[in-house]
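Here's the structure we're looking at; comments come further down.
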């Protein structure tokens with residue numbers, strides 16, 4: 031279940047029902063939280079994935095001297111399990127419920143520092159890495175589970191390669207929004223205008239793709255990061271109906287995209303009660 035580990039597959043398979051894990055019956059897709067590498071900001075670890083891993087899509091985080099390193103919550107949520115299997119299976123492990131069917135698991139811990147029912151913010155320390163359970167060496171076993179089915183892991187928007195050993199540097203609890211406007215809008219988009227919202231609550235961005243002539247608007251939060259709260263983004267091409275994305279989001283609203291070559295656009299967004307709306311502009 032981890033980078034250095036060579037897990038006894040039969041023992042792990044036998045333990046899965048007791049752990050409440052289902053390996054079959056793919057559940058309908060649901061938007062995942064922006065899961066982060068479960069180590070402190072700036073720490074580089076190797077994400078190891080194996081074809082014979084149990085569950086197959088889990089990740090083993092490996093690093094020299096990993097024993098005793100703080101393990102952080104990958105996203106905000108509520109602790110649902112704090113277990114100690116001794117020298118069997120996961121050993122000391124923790125599960126966190128992130129809502130919408132998403133849960134993460136952290137196994138082979140040397141210590142646990144949270145309790146069932148506790149609310150934790152993304153980046154909160156929940157324990158330390160170790161080598162408890164059925165393993166051959168210290169590492170952190172990690173799962174991103176949707177409705178009980180382990181998914182291929184995505185860390186800060188980057189898909190973990192399968193099956194390989196890949197370095198990831200943690201951006202967990204580094205401060206600030208982990209997304210950029212370019213990441214939200216996608217390849218080919220560049221920022222052409224931006225407006226900071228009142229009370230340092232966030233920033234609305236207007237981007238443009240010169241190849242496709244498409245505009246894109248996103249609003250990135252600067253407050254309540256990782257916690258769902260009211261945020262919106264809108265884009266209106268002159269002569270057309272306004273398009274808006276609004277709701278309770280953890281990091282940003284949008285992207286809202288419309289093609290508008292040589293046509294003026296009105297754009298803006300909000301975080302909480304702080305709003306911005308441009309006039310019709312950027313007409314070239």
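Residue numbers (our numbering): 31 to 314. Built from N, CA and C at the ideal position, the CB exists for glycine as well. If you're wondering where the values come from, they're calculated on a predicted model, not measured in any experiment.
Could you check where the alpha helix (DSSP H) with residue 212 kicks off and where it finishes? Counting along the chain, the alpha helix (DSSP H) containing residue 212 begins and ends at 211-215.
Pick from 238, 200, 107: whose alpha carbon is nearest that of residue 217? Distances from the CA of residue 217 to each of 238, 200, 107 were compared; the closest alpha carbon is that of 238.
Out of 275, 201, 268, 284, which has the shortest C-alpha to C-alpha gap to residue 153? Closest by alpha carbon: 201.
Residue 229 by DSSP, collapsed to three states: which one? Residue 229 carries a helical assignment under DSSP once its states are collapsed to helix, strand and coil.
Answer with buried or exposed for residue 138, where buried requires no fewer than 16 other C-beta atoms within 10 angstroms of its C-beta. With at least 16 other beta carbons inside 10 angstroms of its own, residue 138 counts as buried.
Segment contact, 8 Å Cβ cut-off, at least three pairs: the region 124-138 with the region 169-188: The region 124-138 vs the region 169-188: in contact.
For residue 176, which of helix, strand or coil comes out of DSSP? Correct three-state label for residue 176: strand.
Neighbourhood of residue 183 by C-beta distance below 6 Å, restricted to the same chain and skipping five residues each side: The beta carbon of residue 183 sits closer than 6 Å to the beta carbons of 89, 174, 190 from its chain, once the five residues preceding and following it are set aside; these are given in chain order.
Residue(s) in a DSSP beta bridge with residue 236: Paired residue(s): 223, 247.
Backbone secondary structure at residue 194 - three-state DSSP: Secondary structure at residue 194: coil, using DSSP grouped into helix, strand and coil.
Are the region 218-229 and the region 287-304 in contact at 8 Å, needing three or more beta carbon pairs? With the cut-off at 8 Å, the region 218-229 and the region 287-304 touch.
Roughly how many whole angstroms lie between the Cα atoms of residue 307 and residue 199? Cα to Cα, the separation comes out at about 37 Å.
What whole-angstrom Cβ distance do residue 292 and residue 263 have, given they're in contact under 8 Å? About 23 Å separates the two Cβ atoms, so there is no contact after all.
Chain-order list of residues whose beta-carbon lies under 6 Å from that of residue 149 (same chain, five-residue window excluded): Excluding residues within five positions, the ones whose Cβ falls inside 6 Å are 108.
Pick helix, strand or coil for residue 130, following the three-state DSSP scheme. Coil, per DSSP.
Distance check for residue 276 and residue 251, CA to CA, integer angstroms please. Taking the straight line joining both Cα atoms gives about 13 Å.
Rounded C-alpha distance that separates residue 125 from residue 63: Computed Cα separation, rounded: 15 Å.
Would you identify the three-state DSSP class for residue 57, choosing helix, strand or coil? Only weak support is given to the placement of residue 57: the predicted model assigns it a pLDDT of 39, under 50, and the question is left unresolved by the model.
Outcome for residue 195 when other beta-carbon atoms lying within 10 angstroms are tallied against a minimum of 16: Counting the other CB atoms within 10 Å of its CB gives residue 195 a total below 16, which places it among the exposed residues.
Look up residue 100 in the DSSP assignment and say whether it is helix, strand or coil. It is a strand residue.
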